[in-house]
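What follows is a single structure, written as structure tokens, with notes after it.
There are 2 protein chains.
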Amino acid sequence: MAKRLVVVGGVAGGASAAAKAKRVNPNLQVDVFEKGGYVSYGACGLPYYIGGTVEKKEKLIIRTPKQFEGQGINVHLKSEVKGIDVDKGEISVLHSPEGKKEVYPFDSLVIATGAVPVKPSIPGVGLKGVYTLRHFSHGVDIRNDLEAGEVKKVVILGGGFIGCEVAEAFRNWELEVFMVKESQKVLRDFDDVVSRVAKEVLEGHGVTILTGCHVDSLIGRDRVEAVVVDGERLKADLVVISKGIRPNVELAVQAGIALGPHGGIATNERVETNIPGIFAAGDCAETLHFLTGEPYYKPLGTTANKLGRVAGTNAAGGDAVFKGVLGTTVIRIFQTGLAKTGFTEAELEGRGIPYETSTIVARDRAHYYPGGGRFTVKLNWERETGKLLGGSMVGPGPSVLRIDALAVALYSGLTVEDLARQDFAYSPPFSPVWDPLLVAANRALRD
Amino acid sequence: MAKRLVVVGGVAGGASAAAKAKRVNPNLQVDVFEKGGYVSYGACGLPYYIGGTVEKKEKLIIRTPKQFEGQGINVHLKSEVKGIDVDKGEISVLHSPEGKKEVYPFDSLVIATGAVPVKPSIPGVGLKGVYTLRHFSHGVDIRNDLEAGEVKKVVILGGGFIGCEVAEAFRNWELEVFMVKESQKVLRDFDDVVSRVAKEVLEGHGVTILTGCHVDSLIGRDRVEAVVVDGERLKADLVVISKGIRPNVELAVQAGIALGPHGGIATNERVETNIPGIFAAGDCAETLHFLTGEPYYKPLGTTANKLGRVAGTNAAGGDAVFKGVLGTTVIRIFQTGLAKTGFTEAELEGRGIPYETSTIVARDRAHYYPGGGRFTVKLNWERETGKLLGGSMVGPGPSVLRIDALAVALYSGLTVEDLARQDFAYSPPFSPVWDPLLVAANRALRD
Numbered sequence: 004m005a006k007r008l009v010v011v012g013g014v015a016g017g018a019s020a021a022a023k024a025k026r027v028n029p030n031l032q033v034d035v036f037e038k039g040g041y042v043s044y045g046a047c048g049l050p051y052y053i054g055g056t057v058e059k060k061e062k063l064i065i066r067t068p069k070q071f072e073g074q075g076i077n078v079h080l081k082s083e084v085k086g087i088d089v090d091k092g093e094i095s096v097l098h099s100p101e102g103k104k105e106v107y108p109f110d111s112l113v114i115a116t117g118a119v120p121v122k123p124s125i126p127g128v129g130l131k132g133v134y135t136l137r138h139f140s141h142g143v144d145i146r147n148d149l150e151a152g153e154v155k156k157v158v159i160l161g162g163g164f165i166g167c168e169v170a171e172a173f174r175n176w177e178l179e180v181f182m183v184k185e186s187q188k189v190l191r192d193f194d195d196v197v198s199r200v201a202k203e204v205l206e207g208h209g210v211t212i213l214t215g216c217h218v219d220s221l222i223g224r225d226r227v228e229a230v231v232v233d234g235e236r237l238k239a240d241l242v243v244i245s246k247g248i249r250p251n252v253e254l255a256v257q258a259g260i261a262l263g264p265h266g267g268i269a270t271n272e273r274v275e276t277n278i279p280g281i282f283a284a285g286d287c288a289e290t291l292h293f294l295t296g297e298p299y300y301k302p303l304g305t306t307a308n309k310l311g312r313v314a315g316t317n318a319a320g321g322d323a324v325f326k327g328v329l330g331t332t333v334i335r336i337f338q339t340g341l342a343k344t345g346f347t348e349a350e351l352e353g354r355g356i357p358y359e360t361s362t363i364v365a366r367d368r369a370h371y372y373p374g375g376g377r378f379t380v381k382l383n384w385e386r387e388t389g390k391l392l393g394g395s396m397v398g399p400g401p402s403v404l405r406i407d408a409l410a411v412a413l414y415s416g417l418t419v420e421d422l423a424r425q426d427f428a429y430s431p432p433f434s435p436v437w438d439p440l441l442v443a444a445n446r447a448l449r450d
Numbered sequence: 004m005a006k007r008l009v010v011v012g013g014v015a016g017g018a019s020a021a022a023k024a025k026r027v028n029p030n031l032q033v034d035v036f037e038k039g040g041y042v043s044y045g046a047c048g049l050p051y052y053i054g055g056t057v058e059k060k061e062k063l064i065i066r067t068p069k070q071f072e073g074q075g076i077n078v079h080l081k082s083e084v085k086g087i088d089v090d091k092g093e094i095s096v097l098h099s100p101e102g103k104k105e106v107y108p109f110d111s112l113v114i115a116t117g118a119v120p121v122k123p124s125i126p127g128v129g130l131k132g133v134y135t136l137r138h139f140s141h142g143v144d145i146r147n148d149l150e151a152g153e154v155k156k157v158v159i160l161g162g163g164f165i166g167c168e169v170a171e172a173f174r175n176w177e178l179e180v181f182m183v184k185e186s187q188k189v190l191r192d193f194d195d196v197v198s199r200v201a202k203e204v205l206e207g208h209g210v211t212i213l214t215g216c217h218v219d220s221l222i223g224r225d226r227v228e229a230v231v232v233d234g235e236r237l238k239a240d241l242v243v244i245s246k247g248i249r250p251n252v253e254l255a256v257q258a259g260i261a262l263g264p265h266g267g268i269a270t271n272e273r274v275e276t277n278i279p280g281i282f283a284a285g286d287c288a289e290t291l292h293f294l295t296g297e298p299y300y301k302p303l304g305t306t307a308n309k310l311g312r313v314a315g316t317n318a319a320g321g322d323a324v325f326k327g328v329l330g331t332t333v334i335r336i337f338q339t340g341l342a343k344t345g346f347t348e349a350e351l352e353g354r355g356i357p358y359e360t361s362t363i364v365a366r367d368r369a370h371y372y373p374g375g376g377r378f379t380v381k382l383n384w385e386r387e388t389g390k391l392l393g394g395s396m397v398g399p400g401p402s403v404l405r406i407d408a409l410a411v412a413l414y415s416g417l418t419v420e421d422l423a424r425q426d427f428a429y430s431p432p433f434s435p436v437w438d439p440l441l442v443a444a445n446r447a448l449r450d
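Shown next as structure tokens:
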């Protein structure tokens, strides 16, 4: 039984692991080391803080170090773990701002070092006013810039989750917003039908999207003044880079911990690495895909929290397993919800799985009930068996929570025929008498 | 193969059966006989027409007789089927207003006679201004009364679905609304936690609810003027009776068609009655409970439409089955959504099934995202196996569409442990990082 658990990183996966471990084994000494100045905050809320929907940054804090200490967990802020000695069972830590280096022993370890934003290696990325959005401080800095009132034009490089969410945030401030993309697709992890709507919605709300572009450089004296796109200057008072993230694995690699095929820390069902007693959870780690059991990298807050709990349980001497994820994802852009679960067409093609697909457009509520909107459902299923393998939805706001029903169907191995038999809820303000998912299933059956 | 299909009743089940049968077999002659003046309307929309949310009554029409005729279906309005001769394969019909009686042969028959509202046998129920809400004309009459401007006080007898929905509709008109109930519970088909909230919400919006009351009589000269409750006069300019409905089976009984234990027409998986070639769909018929296979009576629009399709397919010579319902139900009262699926505690007790239950209250979105509300989840599961048997939800508006995910879980035979493993969608405006359903599952596991 472990006596001292060390957790490296204190945001989603790390905070969950620490809290869970202490509940499982109250006698365990738990120490959390966090490089930054905050633990356990809602990183997914940063775009809403930037946009002003969340008024005060303090709102984003889930648990303060004090609350952790009330649970008997020691939190070390501004304490960067510089090395892990697997054989000795020790970590070396650099405490800021004093610059003091110390060594701490551990019996079990949870690595939750998160991810780092991908930054293109072009001139000018180091200028002031050029941001990624990953840490609490990034969100605070961007909002401070906006509040200072000097920002009129914003350029977003890339169109992933963060890119779309901050585009909305900046439009809240009535700024001129450009999104510059090398590829043609916004939200390219989604199926085309979703990407298309995402683009339409952004453009419909005044975001200018330039696709198929190459960014040459960012220019400015001290602070960014323009982005050079295919040789042309695009004025910019603020730039956000949204080119995705990569798992932060430096520490793990140095310690001899194995990585998986996607570059994240490899873990098994127990969320344990190749070294017994060392676990990895959150955006630094790979997990498993529920449908295939293959290693899968899906850095999302909800996955991080779940993996953290399992890691914490096992690190405290308990016994928990994690069967994998389906890659369920939802985003709201302005008032439109966009969601997916399971495999997209591109993912199925990449895996050589023979599939069928169909897409329907229905309404999200009874035709006579005012305020309704179009609701799109796309289903992907295995050609031979009819087994559901993935799906997408687009609709007004929370109506896309229907994706959860499809996620359960995928988990349960249901076929399109099973889906057509579901007894879904019906009430005119919430759904048509034939729920869009049933319409989609019937269409898939050519029925 | 059937040559002539007769459908008795043209609203939900009947309209679906006719349309589907014609698609399955375009050579089939399809005749729909409807007693009333409208076919294929959204009966579930009547409360919203009364309340003014749906402005024009024409909006509720799904398909006009003309549209049916465009599909090659003959629609006979104001044509009451008075008898079915099973041996001869004939029905006798009374056409209004001419009063002409005619006989029509059939090769296959779908009975979709719907249900009739339960009316208490107390003096005065026949007075003007005393309504049930079942047919299109009822909704029109009530709204006309409201528009005439003489109605100030309304009394609703009973607190089922219709009672709750019209209470809201009348409050939209800023009327004084009383709900008088013999029992203690509003929405008594739901688990207590839902009934309690329904009562609170109604009361919070100015509806006065009197429970444990006995209604002695309705009084008035020509039009209702008061309801006498436990000897006391309660002034009323309009009364709505919402005491539930009973299946309309007179015609079937006369024809020798067997009923089930709940008084509805007994049907099998093919939605066929005890007489081959005669089907019954919608509120007049019993169906099966998916979890137990037992006969079950759940008169809902969505069930009626589904059963109608299956009946239509089979009546046209096709081959379809219906595996039963879970009793999934959702209602919106003012801005609150209330939902259930599967068995309530009372239903489990009535069946002698050993079960466990737990209830949690979470938030419907990230704690920092403004405008969120409380979200209640109750789970009922089999004691020995952990298999999910039912659940309830209460939350802001469409957030309760999460009930569909639970419905799929029930269909798939998932346990509480399975539910805790679901990969649900997460985005701050739509859900907390731990979805309320996951919180409920973890609580159920005492985890």
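Line order of the protein sequences matches chains A and B.
First residue of the first sequence: 4, per this note's numbering; consecutive thereafter.
First residue of the second sequence: 4, per this note's numbering; consecutive thereafter.
Beta carbons are placed, not taken as given, at the ideal position from N, Cα and C, and that holds for glycine.
Which listed residue (the options) has its alpha carbon closest to that of residue i
i        : options                                : result
Ala118/B : Ala349/B, Thr295/B, Leu341/B, Leu254/B : Leu254/B
Asp195/B : Glu350/B, Gly400/B, Tyr371/B, Val403/B : Glu350/B
Cys216/B : Val242/B, Val183/B, Asp225/B           : Val183/B
Asp90/B  : Gly259/B, Gly355/B, Val204/B           : Gly259/B
Gly345/B : Ala412/B, Pro431/B, Ser111/B, Asp421/B : Ala412/B
Gly2/A   : Asn308/A, Tyr429/A, Ser430/A, Phe337/A : As displayed, chain A neither begins before 4 nor continues past 450, which places residue 2/A out of reach and without an answer.
Thr316/B : Arg335/B, Ala24/B, Val10/B             : Ala24/B
Tyr358/B : Thr388/B, Ile281/B, His141/B           : Thr388/B
Arg368/A : Val27/B, Gly48/B, His265/B             : Gly48/B
Val210/B : Val158/B, Glu101/B, Val14/B            : Val158/B
For residue i, three-class secondary structure by DSSP
i        : result
Glu452/B : For chain B, the structure presents residues 4 to 450; residue 452/B sits outside this window and is missing.
Asp88/A  : strand
Ser415/B : coil
Pro250/B : strand
Thr67/A  : coil
Asp219/B : strand
Pro439/B : helix
Asp286/A : coil
Tyr51/A  : helix
Gly304/A : helix
Ser430/B : coil
Ser245/B : coil
Met4/A   : Confidence is the limiting factor: at Met4/A the pLDDT is only 49, short of 50, which leaves the residue's position unreliable, though a coordinate-based value still follows. DSSP places Met4/A in coil when its eight states are reduced to three.
Ala201/B : helix
Phe378/B : strand
Assumed close pair residue i, residue j - CB separation to whole angstroms, cut-off 8 Å
i        : j        : result
Tyr51/A  : Lys60/A  : Contact flag wrong, Cβ pair sits at about 11 Å.
Glu297/B : Ala269/B : Glu297/B to Ala269/B, Cβ: 12 Å. No contact.
Val189/B : Ala201/B : 4 Å
Leu112/B : Val9/B   : 5 Å
heavy atom of the ligand COA below 8 Å from residue i C-beta
i        : result
Trp437/B : Judged by which ligands are present, the structure shown has none, so any question about the ligand COA falls away.
| task | Flag this pair as touching only if the segment 30–37 of chain B and the segment 430–449 of chain A have three or more C-beta atom pairs under 8 Å; answer yes or no. | result | no
| Any residues in the segment 33–63 of chain B with a beta carbon nearer than 7 Å to a beta carbon of chain A? Which ones, in chain order? | Gly45, Cys47, Gly48, Tyr51, Thr56, Val57, Lys62, Leu63
| Quick one: any contact between the segment 381–398 of chain B and the segment 376–391 of chain A, if contact means 3 or more CB pairs under 8 Å? | no
| request: Pull out every residue of the segment 303–314 of chain B whose Cβ sits closer than 9 Å to any Cβ of chain A, in chain order. | output: Leu303, Gly304, Thr305, Thr306, Ala307, Asn308, Lys309, Arg312
| Quick one, which residues of the segment 75–105 of chain A are near chain B if we go by CB-CB under 7 Å, in chain order? | none
| query | Quick one, which residues of the segment 330–360 of chain A are near chain D if we go by CB-CB under 8 Å, in chain order? | reply | In the structure shown, chain D cannot be found, because the protein chains are A and B.
| said: Using a Cβ-Cβ cutoff of 7 Å, what residues of the segment 423–449 of chain A are near chain B? List them in chain order. | reply: Arg424, Gln425, Asp426, Phe427, Ala428, Tyr429, Ser430, Pro431, Pro432, Phe433, Val436, Trp437
| task | Identify each residue in the segment 403–417 of chain B for which the Cβ-Cβ distance to at least one residue of chain A is less than 9 Å, and report them in chain order. | result | Val403, Leu404, Arg405, Ile406, Asp407, Ala408, Leu409, Ala410, Val411, Ala412, Leu413, Tyr414, Ser415, Gly416, Leu417
| query | Can you list, in chain order, the residues of the segment 369–386 of chain B whose Cβ is nearer than 8 Å to any Cβ on chain A? | reply | Ala369, His370, Tyr371, Tyr372, Pro373
| request: Mind checking the segment 235–263 of chain B against chain A and listing, in chain order, the residues whose C-beta falls within less than 8 Å of any C-beta there? | output: none
| query | For the segment 396–414 of chain B against the segment 410–427 of chain A, are there 3 or more C-beta pairs whose distance is under 8 Å? | reply | yes
| field | Interface positions of the segment 283–304 of chain B facing chain A (Cβ-Cβ less than 8 Å), listed along the chain | value | Phe293, Leu303, Gly304
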